[in-house]
Amino acid sequence: MLKRTLSSIALRKIVEEARILEGAHFRKAYQLDYGTLALRFAIRRSSLEGFSEENPLAGELLGEGTADETDGISLGEGGGNYVRFDLFVKMGGYIFFSPKVDAEMPAEPSPFAMKLRKALKNRTLRSITQLELDRIAVLTFDPPRGSEDEIRLYLELFGDGNAILVRGGRIEHAFTSRTWSSRTVKRGEVFSPPPAGPDPFKLTRDEFIRAADGFEEDLVRFLIRKINLPPIYAEEVCFRASIDKRSPMGSMDGPTLDRVHAVFNDVLVAVEEQKGCMVHFQKGDPTLIEPLFMSSVFGMKDIPGAMSRFSKKKAGEGGNYFLELPSINQAVESFMFENVAPLPKNERSKGRGAERLEKLLKSQEKAMREREGETERYRLLADALYMDYRRVEGILGSFDPALYTEDPSRFPDIVSFDPDRRGGGTITLNVNTERGEDVVKLRIDRDVNGNAELLYEMSKKARRKLEGIRKAMESTVKKIEMARKEEERDSENEERERNRLRRFWFENFRWCFSSEGVLMVAGRDARSNEKLVKKYLRDSDIYAHADISGAASVVIRIEKEDSPTEVTFREGCHLSALHSKAWNAGIGSVGAFWVTSDQVSRTPSSGEFVARGSFVIRGKKNMVSKLPLEGAAGMVYVEGVPKVMFGPEEAVRENCKGPYFRIRPGRRSKTDMVKLVSSELGGEMDQIMSVLPAGDMEVEKVERTSE
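Under the numbering used here, think of the first position of the sequence shown as 999, with each following residue one higher.
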């Protein structure tokens, strides 16, 4: 089974391929689901044309990209023909670059995607690098006008992964905030990468030998832990060196260690020289994608013999073979990429998987027709050269690039000439084929036979692609059948998906984000009121409570980067009123108050008793009057996870970019209203039930277009 994570060496090759994309302009960011991002860029077509022959990624972009006039960006002076491409990021897994990721983009961006859009708007991608040999890709963008602080986006592919936006060395946004003993990833902190091992590609022989000194564990652990090789490469070195990977390092003599180093060096040289990548199959299923043929997978030390025996063309030994592809980006997209639908799923998204696959099948059918046409056309053009051998031979023999540049009319048979950087180039001629007149491009450094061989080879290459397309179509048809069956089990699948959604600590209480983005947490009953205040009320926080018995205590959690105003304090008071006994009492509005945390105490005055969940307020209360018993519920994204939020309408309207529901006390059961909200917004019924106030209610949908 294919493990959908990249090794550090596979990431190295992806970055190498993608460096031709430096100079592209950032356009948009999307979040497809938790931990999955798609970044969209545009790059001048002319920037790629010089690489189309040597870099298959450039050829793929030039072949499929189109100038996009409907979704433009500001590129300063001048226009130009641009092609679009996407960077797909599965945090903790893999990345790849593609003309267009075959996935449905969400109609509205998540908060993290919005932060990326705002920070990177119209920025130029200055460089694409890898941090040492860690599984971290780094996108560096030019600084905003008037600033010298360049912007870097660190994409971490180890563990659960992360995306960290850094400006001037400090973290501006992080997809997930975390703290370890060696580093802190949090907004405002200085960015520090995780502790890194050595770069194997830079190790000298002496450094390799010194690293072994005193290491008492076995050989494979030495290569992984001290040399920083990915596990599969460590095992490959052991296998090629014919040494048991469990051999203790302490018993290894000098000549044996020299042999290990020699094989290690040969493996890294082979990686550096390799173009494209190898997809390894076992029992007919892909199991490994790496830029090196792994002889250990097939158990043969004779590498040329193993490559000949287990070539895809000779596949037949239990489905064990390898497939060589020209681009590792294409390989990752083809075999690792799993299409995801934007979260949250709801009734309106049902059937889209099968519809997408049917569109894919149509595009594959179109590609099939095109490849069939290419196969026949290239063959006919090659035949035409032999049919008009003398004329073509005379044109190639007499052509002089300098004379043509000076006066093209000297060569009336030549339609055009395209020089290359090496002093050669191609000429375009009109020829007659069995199907009529056509044009053919000929290399001026080859004779008629050489050009005909090229055309025959192009015909064979197109025919080989046909085989791949046919198999892909068969696979797509099967996937369509499976997708249709899956739709029948959709509700069950959605339930499993919902159960996997991340849960936050504040969901043990009632909660809401203010219109200024500040988290407000409310108790559910006397016991949780007491727990909330005792455990979560900090010195910097604000306490709010409705001016009525039986209301929720509300803690307004103020972080260092927050600058809340009385707008947030009023909304915290309103949240307490919405979760009070006044909801079912038929009262139109109530008052509330807020105080600082040092005014809240559980210690009563002499002779007084403080019940569970109640608190003594000392000092002046900041009163807020006429808070209506009417709130709202809408879909928000908390660190990329979709949640339905209930609270004051102003807060919901600001945080939710799509439609929402206005909610007030009424006569319809809460259960019915939860079902309605869930069907329209796509949230979990249990989660919606937990955030709405207790009692009957009425709802009113507020339609809005996504911003």
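Heads up, the beta-carbon is just placed ideally off N, CA and C, and yes, glycines get one too.
Quick caveat: nothing in here was measured; it's all calculated off a predicted structure.
Cβ separation of residue i and residue j, assumed to be a contact under 8 Å, to the nearest whole Å
{"i": "MET1334", "j": "LEU1131", "result": "In fact, because the Cβ distance is near 20 Å, the residues do not count as touching under 8 Å."}
{"i": "ILE1230", "j": "SER1473", "result": "Not quite, the Cβ-Cβ distance comes to about 26 Å (not below 8 Å), so this is no contact."}
{"i": "VAL1553", "j": "LEU1535", "result": "5 Å"}
{"i": "GLY1466", "j": "GLU1569", "result": "At roughly 58 Å, the Cβ-Cβ gap does not stay under 8 Å, so GLY1466 and GLU1569 are not in contact."}
{"i": "ASN1160", "j": "MET1089", "result": "6 Å"}
{"i": "LEU1379", "j": "VAL1438", "result": "5 Å"}
{"i": "PHE1511", "j": "VAL1634", "result": "7 Å"}
{"i": "GLU1647", "j": "ARG1660", "result": "6 Å"}
{"i": "ARG1758", "j": "VAL1689", "result": "Because residue 1758 is not part of the residues shown, which for the chain are 999 to 1705, the question remains open."}
Reduced DSSP secondary structure (H/G/I, E/B, other) of residue i
{"i": "PRO1406", "result": "helix"}
{"i": "CYS1654", "result": "coil"}
{"i": "HIS1259", "result": "helix"}
{"i": "SER1667", "result": "coil"}
{"i": "PHE1199", "result": "helix"}
{"i": "TYR1092", "result": "strand"}
{"i": "GLY1645", "result": "strand"}
{"i": "TRP1707", "result": "Nothing about residue 1707 can be read from this structure; the chain reaches only from 999 to 1705."}
{"i": "THR1474", "result": "helix"}
{"i": "GLU1696", "result": "strand"}
{"i": "ASP1264", "result": "helix"}
{"i": "ALA1460", "result": "helix"}
{"i": "ASP1633", "result": "Per the sequence shown, residue 1633 should be read as Met rather than Asp. In this structure, MET1633 counts as strand in the three-state DSSP scheme."}
{"i": "VAL1598", "result": "strand"}
{"i": "GLU1435", "result": "strand"}
{"i": "PHE1659", "result": "strand"}
{"i": "SER1623", "result": "strand"}
{"i": "PRO1302", "result": "helix"}
Cutoff 8 Å; reference residue i; Cβ partners in own chain excluding five residues on either side
{"i": "ASN1497", "result": "Summary for ASN1497: the model assigns pLDDT 46, below 50, so the residue's position carries little reliability; its value from the coordinates is reported in the next sentence. Cβ neighbours of ASN1497 beyond the five flanking positions: none."}
{"i": "ASP1523", "result": "GLY1611"}
{"i": "ARG1257", "result": "ALA1239 and ILE1241"}
{"i": "ARG1461", "result": "ARG1369 and THR1373"}
{"i": "ALA1352", "result": "ILE1478, ALA1481, ARG1482 and GLU1485"}
{"i": "GLY1693", "result": "TRP1581, ASN1582, PRO1663 and LYS1668"}
{"i": "GLU1187", "result": "ARG1168 and ILE1169"}
{"i": "THR1254", "result": "ILE1241"}
Opening and closing residue of the beta strand (DSSP E) in which residue i lies
{"i": "ALA1161", "result": "1160–1165"}
{"i": "ASP1416", "result": "1412–1417"}
{"i": "MET1518", "result": "1517–1520"}
{"i": "ASN1527", "result": "Segment 1524–1534 is the alpha helix (DSSP H) holding ASN1527; no beta strand (DSSP E) there."}
{"i": "ILE1169", "result": "1168–1172"}
{"i": "LYS1224", "result": "Unbroken run through LYS1224: none, as it is neither H nor E."}
{"i": "ASP1684", "result": "Run containing ASP1684: none in the beta strand (DSSP E); it sits in the alpha helix (DSSP H), 1683–1689."}
{"i": "VAL1013", "result": "It is not in any beta strand (DSSP E) - VAL1013 instead sits in the alpha helix (DSSP H) that spans 1006–1016."}
{"i": "GLY1589", "result": "1587–1594"}
{"i": "GLU1288", "result": "1283–1288"}
{"i": "TYR1541", "result": "1540–1544"}
Spatial neighbours of residue i in its chain, beta-carbon cut-off 6 Å, leaving aside the 5 residues before and after
{"i": "SER1096", "result": "ASP1084 and GLU1331"}
{"i": "SER1414", "result": "THR1426"}
{"i": "ARG1002", "result": "GLY1091 and MET1334"}
Close Cβ partners of residue i (< 7 Å) along its chain, the five nearest in sequence each way excluded
{"i": "SER1587", "result": "LYS1624, LEU1625, PRO1626 and LEU1627"}
{"i": "MET1621", "result": "GLY1589 and PHE1591"}
{"i": "LYS1026", "result": "ARG1038 and ARG1115"}
{"i": "ASP1539", "result": "VAL1553, ILE1554, ARG1555, ILE1556 and SER1595"}
{"i": "ALA1450", "result": "ALA1380, LEU1383 and TYR1384"}
{"i": "VAL1183", "result": "ASN1160, ILE1162, ILE1169, ALA1172, SER1175 and ARG1176"}
{"i": "SER1245", "result": "ASP1216 and LEU1217"}
{"i": "PHE1220", "result": "ALA1210, PHE1213 and MET1247"}
{"i": "LEU1440", "result": "LEU1394, THR1424, ILE1425, LEU1427 and ASN1449"}
{"i": "GLY1166", "result": "ASP1147"}
Run of the alpha helix (DSSP H) containing residue i, from where it starts to where it stops
{"i": "LYS1310", "result": "Segment: none, LYS1310 is in no alpha helix (DSSP H) and carries neither H nor E."}
{"i": "GLN1328", "result": "1326–1329"}
{"i": "TYR1387", "result": "1387–1396"}
{"i": "VAL1552", "result": "VAL1552 -> not in any alpha helix (DSSP H); beta strand (DSSP E) instead, spanning 1552–1555."}
{"i": "ALA1575", "result": "1564–1576"}
{"i": "SER1249", "result": "Careful: SER1249 lies outside any alpha helix (DSSP H) and carries neither H nor E."}
{"i": "ILE1230", "result": "1229–1238"}
Bridge-paired residues (DSSP) for residue i
{"i": "GLY1423", "result": "PRO1417"}
{"i": "HIS1023", "result": "ALA1040 and THR1122"}
{"i": "CYS1275", "result": "LEU1323"}
{"i": "PHE1083", "result": "PHE1039"}
{"i": "TRP1509", "result": "VAL1519"}
{"i": "ILE1149", "result": "PHE1139 and ARG1165"}
{"i": "PRO1054", "result": "None; PRO1054 has no bridge partner."}
Near the ligand HEM: residue i beta-carbon under 8 Å from a heavy atom
{"i": "GLY1144", "result": "The ligand content of the structure shown is nil, which means the ligand HEM is not present either."}
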